[in-house]
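As given, the protein sequences belong to chains A and B, one line each in that order.
All residue numbers for the first sequence refer to the numbering used here, where the first residue is 1 and numbers rise by one.
All residue numbers for the second sequence refer to the numbering used here, where the first residue is 587 and numbers rise by one.
For glycine and all other residues, C-beta sits at the position ideal for the given N, C-alpha and C.
What follows is a short report on a single structure.
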Amino acid sequence: MSTTSPLEKPAPVEKAGGAVATYLDQRLGSNKALGRNLGKVFPDHWSFMLGEIVLYSFIVILLTGVYLTLFFKPSMVEVVYDGSYVPLKGVMMSEAYASSLDISFDVRGGLLIRQMHHWAALIFVAAMVVHAFRVFFTGAYRKPRELNWILGVVLLTLALAAGFTGYSLPDDLLSGTGLQIIRGIIQAIPVVGTWLAFFIFGGEYPGTDIISRLYSAHILLVPGLILAIVTVHLMMVWVQKHTQYPGPGRTNTNVVGYPLMPVYMAKAGGFFFVVFGVIALISGLVTINPIWIFGPYTPDQVSAGTQPDWYIGWLDGALRLMPNWETVVAGYTISWNVLIPSVIIPGILFTLLALYPFIEAWVTGDKREHNLLERPRNAPVRTGIGVMAIVFYGILWIGGGNDIVAVAFDLSINSISWALRILLIVAPPIAFIITKRICLGLQRKDRDKLLHGYESGRVLRLPHGEFIEVHEPINVKEMAVITSKTDHAVLPAPQKTDTDGVRNPRYLVHSLRHRLSTFFYGDNVPKPSAAEIEHGQHHAAEQAAIEAPLHEYEDRDVIYNAHGGVLHHPGMPEINAEQIAEETRS
Amino acid sequence: MSTDKDLLPVDPHNEPGHLPIADIPHTPRVTDTDPKAARRAERQVASMFLLSMVFVVLFVVAFVTIDKSAVVYIPVLGVVGASQIALGFTFGMAILLIGTGAIQWAKKLMPDVEVVQERHSMASTPKEDEEAKADYERGKEESGFARYTIIRRTLIGALALFPIPLVIMLRDLWQTPPGENPVELLSTTAWRDGLRIVPDTGETTGEFVKGIRPEDIPVGGLVSALPIDIMEIQKAEHNLNARGKAAIILVRMDPSEIRSQQGEGWDYQGILAYSKICTHVGCPIALYEHRTHHLLCPCHQSTFDLADSGDVIFGPAARRMPQLPIGVDEEGFLVAKSDFQQPVGPSFWERG
């Protein structure tokens with residue numbers, strides 16, 4: 001509700017802003033870009049905020065991180081603690097740990113910022129993972145957005161690296177134990193592992209170099225890379241325009257939503273402050289990583305029930321569940337028990353994740369541009385693969401807390417480990433099959449809605465005694481969503497020889513693609529033709545019309561005749577009082 | 587893959603959204619129709635911004651007035667640092683209210699009618715494409731990159747070699763002490779014949795007791811221990827490396843319960859010494875169940891049977907815990923009889 005009309009003089013601030021814009025424009029031509037972009041339309045959906053949470057929590061991490069560097073000393077020199085945390089007074093510890101304690105107890109607001117940094121990091125990775133789920137399950141990574149998907153996978157890897165390097169910096173007992181495990185993993189790498197470990201740690205474990213080396217990676221290298229890649233990631237979203245969910249008027253070649261200025265500036269800008277504020281509130285109220293309880297790191301101490309941050313938990317679970325295989329070949333050791341869960345499995349998983357858009361496009365032969373998101377039910381195999389991955393991850397994650405599960409439920413740790421080992425192989429395929437069946441069921445339901453309308457749940461007896469269930473036509477919004485489904489043609493089966501009898505040299509490849517694409521889309525329930533849909537909706541409308549008089553009656557909100565006795569029909573007075581009044585008048 | 591295009595014809599009638607779709611009617615909000623409601627929304631937004639400012643003032647007050655060691659009891663949270671709670675709450679609310687205010691503004695007062703914009707194919711037009719190709723060809727021709735073979739090859743060679751110094755300089759990430767190598771370092775510890783064993787108090791400083799006598803360890807007991815000269819080594823080397831390798835545990839069991847050992851007579855009257863560093867990925871272990879003689883790693887739950895040569899009975903560790911041969915010296919204190927006979931800690935490539 002602005003009180004200034006366009007005819008009024010601009011406010012001084014606006015005037016100054018205009019002057020700056022003109023100054024910049026004469027030097028950079030920036031008003032061209034402003035003009036093009038201020039009105040840029042973004043589609044609206046709650047799930048599009050997930051990526052925003054990632055970005056905003058990253059900004060919070062950067063701001064709080066800069067603050068922390070002002071107080072943190074990345075040094076492993078042993079000092080005697082003389083701060084205000086009494087239980088550790090006089091204890092020898094590394095300067096890194098001592099300065100972390102100072103931040104927590106002697107810098108006012110220091111603990112708040114340290115906890116904000118940690119909470120924001122946890123939220124950062126969590127939001128990133130859920131954002132990736134959204135992109136995956138809606139097929140948003142399809143052409144032309146495959147490259148942005150790869151950047152996303154790189155960002156996820158970098159986020160894990162940022163998290164781990166940061167986790168190790170305070171040099172408390174828990175973080176040191178994590179480093180020791182990393183050292184064990186590096187040493188398990190064949191051929192170069194031993195030397196690599198000595199190079200990274202500057203000698204034997206723990207040495208005196210690792211904290212300062214992790215520090216430079218944590219505050220410069222990794223965040224620098226993340227910042228650069230996030231910028232490209234967002235520029236690509238900007239250039240390619242955001243995908244949108246199907247809905248009325250939304251097609252593959254348009255984008256329906258609100259303009260950047262003013263709606264998205266206010267909404268997205270406001271949301272940044274919401275994320276920032278919520279992180280600050282959580283960090284003010286809920287303790288995270290109480291390093292003072294764990295004590296300083298020494299390589300001969302450990303506490304039971306140690307847990308890494310949640311996003312490393314699945315890797316720890318893989319380490320725990322792996323059988324103890326190790327082979328010695330010609331005097332050299334290959335530690336499969338460490339190599340497979342910590343190097344090979346994550347390597348394969350992240351490679352598959354990055355290549356998935358290309359694998360799917362090759363299998364389906366789909367080379368079209370997709371700007372309209374696909375509903376998860378309409379790509380049952382994709383959805384099944386996603387759920388399969390979540391189940392696989394979930395089992396490893398539970399494995400990472402198998403000691404806690406054992407204590408909480410009073411179970412044998414050995415039987416939990418064995419159960420999880422078996423489940424890790426058996427459960428994902430079962431999850432795939434169940435998900436695929438659910439998706440196909442939902443497709444059938446969609447088809448029924450198109451062909452027969454929406455089941456109202458009301459049974460009607462027709463004058464000639466027939467009972468029907470009343471179906472109603474589906475509304476425009478639902479119609480648009482359901483009919484957004486694309487029927488994906490399955491790649492044709494190749495012939496061994498062509499009509500001239502010439503052997504097809506690529507028969508095996510084409511035959512494989514035929515089978516894979518049949519697996520991918522072959523079971524899909526075909527979408528009815530436009531005529532069939534129209535017929536179906538027309539039929540539903542007719543049925544609804546039969547019932548309409550009854551609705552009219554309901555709509556008038558006059559169900560007073562609970563005592564019975566008065567039958568209503570059109571033209572009749574509605575309540576007894578009126579009826580009596582009418583009778584007396586006559 | 588030129589053949590791929592032929593495999594799947596594009597059906598334009600099958601594109602999503604091909605059915606004619608009516609726009610949904612737009613229902614105006616209360617704030618669009620009722621000026622009173624609009625003014626109410628305006629007041630709400632302004633109050634949130636105002637409250638945000640109030641919280642900033644409260645933050646400054648809390649920062650200055652609350653002592654950093656003061657604690658306060660808050661239901662649910664328990665006894666917590668007063669400064670931390672006050673700063674976190676005021677700071678969080680100050681920021682949050684800016685956000686909620688802005689969103690309320692957008693939702694109630696800014697237009698809520700969706701706008702349609704057309705998308706354009708990402709690919710360049712054939713004309714732009716041609717221009718790019720022509721520019722490239724002209725540049726290639728003018729530079730003579732194709733013609734001057736020798737320049738091209740030497741340039742590629744130079745560019746391939748110049749990162750080498752950058753990589754070589756990483757060599758001194760570990761300045762290898764003369765005569766030492768990783769395998770040697772990973773295979774030896776501070777233990778040697780006659781070196782006294784002292785209990786590990788968990789401290790990295792201070793004086794140790796003179797040693798442990800066999801009678802100090804009850805049957806079923808476990809003691810974490812270190813070499814007696816560990817402090818001198820730490821002071822000389824300025825690191826915890828020796829401690830990380832030499833940490834051991836001593837357990838005592840009835841000699842008749844010992845089924846096997848890694849060497850004949852390596853125990854002393856039923857006292858066995860094992861490395862404390864897990865052979866899986868190196869966590870220190872001290873979870874011991876004296877009835878079963880099982881040792882459980884807290885990190886990945888590898889389980890070792892200390893009555894049976896420290897063999898792995900469960901979990902991801904592939905190797906048994908190395909045993910340290912022990913005896914007593916003339917004063918009756920426990921001593922090592924040699925270094926470990928195999929490397930302690932996680933496996934490595936050259937271990938064999």
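Checklist entry - Distance, Cα to Cα, A/Asn378 vs A/Gln443? => result Taking the first sequence and counting its residues from 1, one reaches residue 378 of chain A at position 378. Taking the first sequence and counting its residues from 1, one reaches residue 443 of chain A at position 443. Between A/Asn378 and A/Gln443, the C-alpha separation is close to 7 Å.
Item to check | Among B/Val657, B/Ser655, B/Gly678 and B/Val784, the one whose alpha carbon lies nearest that of B/Asp815 | outcome: Taking the first residue of the second sequence as 1, we reach residue 815 of chain B at position 229. Selected option, being the one with the closest Cα: B/Val784.
Next on the checklist: With H, G and I counted as helix, E and B as strand and the rest as coil, what does DSSP make of A/His471?
Outcome noted: One-based indexing of the first sequence puts residue 471 of chain A at position 471. Strand at A/His471.
Checklist entry - DSSP three-state call for B/His879: helix, strand or coil? => result Taking the first residue of the second sequence as position 1, residue 879 of chain B is located at position 293. Here B/His879 sits in coil by DSSP.
Checklist entry - Secondary structure at A/Ala254, three-state DSSP: helix, strand or coil? => result By 1-based counting over the first sequence, the position of residue 254 of chain A is 254. In the sequence as presented, Ala is not what sits at residue 254 of chain A; that position holds Asn. In this structure, A/Asn254 counts as strand in the three-state DSSP scheme.
Checklist entry - Cβ of A/Asp102 less than 7 Å from any chain B Cβ? => result As a working note, residue 102 of chain A is residue 102 in the first sequence. At least 7 Å separates the CB of A/Asp102 from every CB of chain B.
Checklist entry - For the candidate residues A/Pro376, A/Phe519 and A/Glu369, whose alpha-carbon lies nearest to that of B/His706? => result Walking along the second sequence from the start, residue 706 of chain B turns up at place 120. Considering only alpha carbons, the answer is A/Glu369.
Next on the checklist: On the CB-based measure, 16 or more other CB atoms within 10 Å of its CB, does A/Pro357 come out buried or exposed?
Outcome noted: Sequence index remark: in the first sequence, residue 357 of chain A carries index 357 (1-based). Looking at its Cβ environment, which holds 16 or more other Cβ atoms inside 10 Å, A/Pro357 is buried.
Checklist entry - Counting only beta-carbon atoms, is A/Gln537 nearer than 7 Å to chain B? => result The sequence position of residue 537 of chain A within the first sequence is 537, counting from 1. Taking Cβ atoms only, chain B never reaches closer than 7 Å to A/Gln537, which makes this a no.
Checklist entry - Under the rule that 16 or more other beta-carbon atoms within 10 Å means buried, what is A/Ser168, buried or exposed? => result In the first sequence, counting from the first residue as 1, residue 168 of chain A sits at position 168. By the neighbour-count rule (16 or more Cβ atoms within 10 Å), A/Ser168 is buried.
Checklist entry - Using DSSP with H/G/I as helix, E/B as strand and the rest coil, what is A/Leu70? => result Taking the first sequence and counting its residues from 1, the one referred to as residue 70 of chain A is at position 70. Here A/Leu70 sits in coil by DSSP.
Checklist entry - Should the stretch 55 to 64 of chain A be called in touch with the stretch 710 to 727 of chain B, which here means at least 3 C-beta pairs below 8 Å? => result Judged by Cβ distances under 8 Å, the stretch 55 to 64 of chain A makes no contact with the stretch 710 to 727 of chain B, as fewer than three pairs qualify.
Next on the checklist: Short of 8 Å in beta carbon distance, which residues of its chain neighbour A/Gly536, apart from the five on each side in sequence? Order them along the chain.
Outcome noted: One-based indexing of the first sequence puts residue 536 of chain A at position 536. Around A/Gly536: Leu450, Leu451, His452, Gly453 and Pro528.
Item to check | CA-to-CA distance, A/Val222 to A/Asn148, given in whole angstroms | outcome: In the first sequence, the residue the question calls residue 148 of chain A occupies position 148. In the first sequence, the residue the question calls residue 222 of chain A occupies position 222. Across the structure, A/Asn148 and A/Val222 are spaced so that their CA atoms are roughly 19 Å apart.
Item to check | Exposure label - A/Lys9; buried when at least 16 CB within 10 Å | outcome: In the first sequence, residue 9 of chain A corresponds to position 9, counting from 1. Exposed is the call here.
Item to check | B/Met708 at chain A interface by Cβ criterion, 7 Å | outcome: Within the second sequence, numbered from 1, the residue matching residue 708 of chain B stands at position 122. Output row for B/Met708: interface = yes.
Item to check | Bridge-paired residues (DSSP) for B/Gly667 | outcome: Translated into positions along the second sequence, residue 667 of chain B becomes position 81. Answer is B/Val657.
Checklist entry - Along the chain, which unbroken stretches of the alpha helix (DSSP H) at least 4 residues long are found entirely within the stretch 88 to 115 of chain A? => result Qualifying alpha helix (DSSP H) stretches, in chain order: 95 to 105.
Item to check | chain B contact residues for A/Tyr205, given Cβ-Cβ distances below 9 Å | outcome: Stepping through the first sequence from its first residue, residue 205 of chain A is reached at position 205. Correct list: Leu826, Asn827, Gly830, Lys831, Gly868 and Gly931.
Item to check | Closer than 7 Å to chain B by CB, A/Lys89 | outcome: By one-based count along the first sequence, residue 89 of chain A stands at place 89. A/Lys89 does not count as touching chain B.
Checklist entry - Enumerated in chain order, which unbroken segments of the alpha helix (DSSP H) with a length of 4 residues or greater are wholly contained in the stretch 183 to 227 of chain A? => result Qualifying alpha helix (DSSP H) stretches, in chain order: 193 to 201 and 210 to 216.
Checklist entry - Any Cβ of chain B within less than 7 Å of the Cβ of A/Ile181? => result For this step, residue 181 of chain A is matched to residue 181 along the first sequence. Among the residues facing chain B, A/Ile181 is included, as its CB has a counterpart in that chain under 7 Å away.
Checklist entry - Across which residues does DSSP place B/Ala811 in a beta bridge pair? => result Stepping through the second sequence from its first residue, residue 811 of chain B is reached at position 225. According to DSSP, which records beta bridges pairwise, B/Ala811 is partnered with B/Pro785 and B/Ile834.
Next on the checklist: If the criterion is Cβ atoms closer than 7 Å, does the pair A/Leu319 and A/Pro341 meet it?
Outcome noted: Residue 319 of chain A sits at position 319 when you count from the first residue of the first sequence. Residue 341 of chain A sits at position 341 when you count from the first residue of the first sequence. In this structure, A/Pro341 lies closer than 7 Å to A/Leu319 by Cβ.
Checklist entry - Would A/Ser417 be called buried (16 or more neighbouring beta carbons within 10 Å of its own) or exposed? => result As a position in the first sequence, residue 417 of chain A is number 417, starting the count at 1. A residue is called buried when at least 16 other Cβ atoms come within 10 angstroms of its Cβ; A/Ser417 meets this threshold and is buried.
Checklist entry - What number of angstroms, rounded off, separates the C-alpha of A/Met49 from the C-alpha of A/Gly269? => result Within the first sequence, the letter at position 49 stands for residue 49 of chain A. Within the first sequence, the letter at position 269 stands for residue 269 of chain A. Distance between the alpha carbons of A/Met49 and A/Gly269: 12 Å.
Checklist entry - Does the distance from the CB of A/Phe137 to the CB of A/Gly441 come in under 7 Å? => result Translated into positions along the first sequence, residue 137 of chain A becomes position 137. Translated into positions along the first sequence, residue 441 of chain A becomes position 441. Contact: no.
Next on the checklist: Closest to B/Arg905 by C-alpha separation, out of A/Glu360, A/Pro170, A/Asn324 and A/Arg134, would be which residue?
Outcome noted: Stepping through the second sequence from its first residue, residue 905 of chain B is reached at position 319. The shortest Cα separation from B/Arg905 among A/Glu360, A/Pro170, A/Asn324 and A/Arg134 belongs to A/Asn324.
Item to check | Beta-bridge partners of B/Gln909, as assigned by DSSP | outcome: Here residue 909 of chain B refers to the residue found at position 323 of the second sequence. Its beta-bridge partners are B/Tyr860.
Checklist entry - With burial defined as no fewer than 16 other Cβ atoms inside 10 Å of the residue's Cβ, what is the status of A/Tyr205: buried or exposed? => result Here residue 205 of chain A refers to the residue found at position 205 of the first sequence. A/Tyr205 should be labelled buried.
Next on the checklist: For the pair the stretch 328 to 338 of chain A and the stretch 916 to 934 of chain B, tell me if three or more CB-CB distances fall below 8 Å.
Outcome noted: They touch, by the three-pair rule.
Item to check | Where B/Glu917 falls: helix, strand or coil (DSSP) | outcome: By 1-based counting over the second sequence, the position of residue 917 of chain B is 331. Of the three classes helix, strand and coil, the one that applies to B/Glu917 here is coil, per DSSP.
Checklist entry - Cβ of A/Asp300 less than 7 Å from any chain B Cβ? => result As a position in the first sequence, residue 300 of chain A is number 300, starting the count at 1. Using a Cβ-Cβ cut-off of 7 Å, A/Asp300 counts as an interface residue toward chain B, since at least one Cβ of chain B sits closer than that to its own.
Checklist entry - Hey, which unbroken runs of the alpha helix (DSSP H) at 4 residues or more fall wholly within the stretch 110 to 146 of chain A? => result Taking only runs of at least 4 residues, the alpha helix (DSSP H) segments lying wholly in the stretch 110 to 146 of chain A are 110 to 137.
Checklist entry - Where does B/Ser924 fall in DSSP's three states? => result By one-based count along the second sequence, residue 924 of chain B stands at place 338. The DSSP-derived three-state label of B/Ser924 is coil.
Checklist entry - Counting Cβ pairs closer than 8 Å, one from the stretch 421 to 434 of chain A and one from the stretch 515 to 535 of chain A, do we hit at least three? => result Contact annotation: the stretch 421 to 434 of chain A does not touch the stretch 515 to 535 of chain A, with fewer than three C-beta pairs closer than 8 Å.
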